[in-house]
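Contents: one structure, followed by commentary.
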Amino acid sequence: MKIAVLGTGVVGKHLAAKLSRLGHEVVMGTRDPGATMTRSGSADTDDPPFSQWSLAHAEVGLATFADAAAYGEVVWNATRGWDSLPALGLAGAANLAGKVLIDTSRPLDTSAGFPPTLFVKDTDSLGEQIQRAFPEARVVKTLDTLYAHVMVNPGVLGEESTVFVAGNDPDAKATVTDLLTEFGHTDVIDLGDITAARGTEMMLPMWLRLMDALGTMAFNFKIVR
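For what it's worth, my numbering labels the leading residue of the sequence shown as 5, then goes sequentially.
So this is what it looks like as structure tokens:
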């Protein structure tokens, strides 16, 4: 499958690398490919400079948001929450129309430090905002309650844990569930339509507090039933 991963940060890198290893044809999207190749990495050792990362993942392409979205049969939004709507706008509504648009973004406002607040909540969600902005895309919210490494390597936790999907299109959710299964997720709960993205996004404050209390991001929720 041809998959566009929009965003070249730590989440985008993990998703693109895993999808490529699974045999998918992956192109990553960014505002300016030249600038991305010369940008330094973050302090996170999981997020090296893109030029360094790309040497180990030469099979993964790099293009503008628009060119990547046009290429992908499935488009994966791995941009930061504040950047998601602008980035998808650059990707272009025509390039997203009819496609499964997987949204892993988090509506976190870090302007006041830790812990961040949510810039949308309760009666709306970032997933819903994306669906409204791109009504012809088939948006599915998933994996926003996990750290990047665990998103694509759930087996590192040593036991089964739970991930969620939310979206209006049953076929789109089935496609996303298949990809999650390829990643190794064995318990995927369909929460319903895209309004259920409010639920997973509002789990983020608890996720952040757990990260602080546990001193690690290598954890996940498990729904016992």
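For every residue, glycine included, the Cβ atom is placed at its ideal position computed from N, Cα and C. The structure displayed is predicted, hence computed values, not measured ones.
Kindly indicate the opening and closing residues of the beta strand (DSSP E) around ASP71.
-> No beta strand (DSSP E) holds ASP71; the alpha helix (DSSP H) holding it covers 69 to 75.
In chain order, each beta strand (DSSP E) run of at least 3 residues that lies wholly inside the stretch 119 to 207 | Within the stretch 119 to 207, the complete beta strand (DSSP E) runs of at least 3 residues are 142 to 146, 166 to 171, 191 to 194.
Cutoff 6 Å; reference LEU26; Cβ partners in own chain excluding five residues on either side = So the qualifying residues of the chain are GLU186.
Is the Cβ-Cβ distance between LEU59 and VAL79 less than 9 Å?
-> Not closer than 9 Å, so no.
SER88, buried or exposed, once every other Cβ within 10 Å from all chains shown has been counted against 16 = Flag for SER88 reads buried.
Using CA coordinates, which residue listed in LEU150, PHE168, VAL64, ASN157 is at the minimum distance from PRO209?
-> Nearest Cα to PRO209 within the set LEU150, PHE168, VAL64, ASN157: LEU150.
From SER165 to PHE118, what distance separates their C-alpha atoms?
-> Per the coordinates, the alpha-carbon of SER165 lies some 26 Å from the alpha-carbon of PHE118.
Which value, in whole angstroms, describes the spacing of the CA atoms of ALA62 and PRO174?
-> C-alpha separation (whole angstroms): 34 Å.
Element boundaries [beta strand (DSSP E), containing ALA101] | It is not in any beta strand (DSSP E) - ALA101 carries neither H nor E in the DSSP assignment.
Quick one: using the 10 Å Cβ neighbour count with 16 as the cut-off for buried, is THR114 buried or exposed?
-> Counting Cβ neighbours within 10 Å, THR114 comes out exposed, since fewer than 16 surround it.
Give me the Cα-Cα distance between PHE138 and ARG229, rounded to the nearest whole angstrom.
-> Between PHE138 and ARG229, the C-alpha separation is close to 35 Å.
Thinking C-beta only, is ALA152 closer than 9 Å to LEU19?
-> Going by C-beta atoms, LEU19 is nearer than 9 Å to ALA152.
Could you work out which residue in LEU112, LEU218, GLY16, PHE69 is closest to GLY38 when comparing CA atoms only?
-> Closest by alpha carbon: PHE69.
Since I believe THR146 is in contact with PHE168 (beta carbons under 8 Å), could you give me their beta-carbon distance rounded to a whole number of angstroms?
-> The distance from the Cβ of PHE168 to that of THR146 is about 6 Å, consistent with a contact at the 8 Å cut-off.
Counted within 10 angstroms of its Cβ, other Cβ atoms place PRO90 as buried (16 or more) or exposed = Exposed is the call here.
Test item: CB-CB of ALA258 and GLY131 under 9 Å | The requested residue 258 does not occur in the structure, where the chain is confined to residues 5 to 229.
Enclosing beta strand (DSSP E) for THR34 [first to last residue] = For THR34, the enclosing beta strand (DSSP E) covers residues 29 to 34.
ASP216 by DSSP, collapsed to three states: which one?
-> Assigned with DSSP and collapsed to three states, ASP216 falls in helix.
Cβ-based burial, GLY188 [other Cβ within 10 Å; buried from 16] | GLY188 is exposed by the Cβ-count criterion.
Would you mind sorting ASP36 into buried or exposed? The rule is 16 or more other CB atoms within 10 Å of its CB.
-> Exposed is the call here.
Helix, strand or coil at ALA60 according to DSSP, with G and I counted as helix | Helix at ALA60.
Where ALA21 and VAL64 are concerned, what is the direct C-alpha to C-alpha distance, given to the nearest angstrom?
-> Taking the straight line from one Cα to the other gives about 8 Å.
How big is the Cα-Cα spacing for LYS177 and VAL144?
-> Taken atom to atom, the span from the alpha-carbon of LYS177 to that of VAL144 is near 6 Å.
From which residue to which residue does the beta strand (DSSP E) around ALA8 run?
-> Judged by DSSP secondary structure, ALA8 falls within the beta strand (DSSP E) whose first and last residues are 6 to 10.
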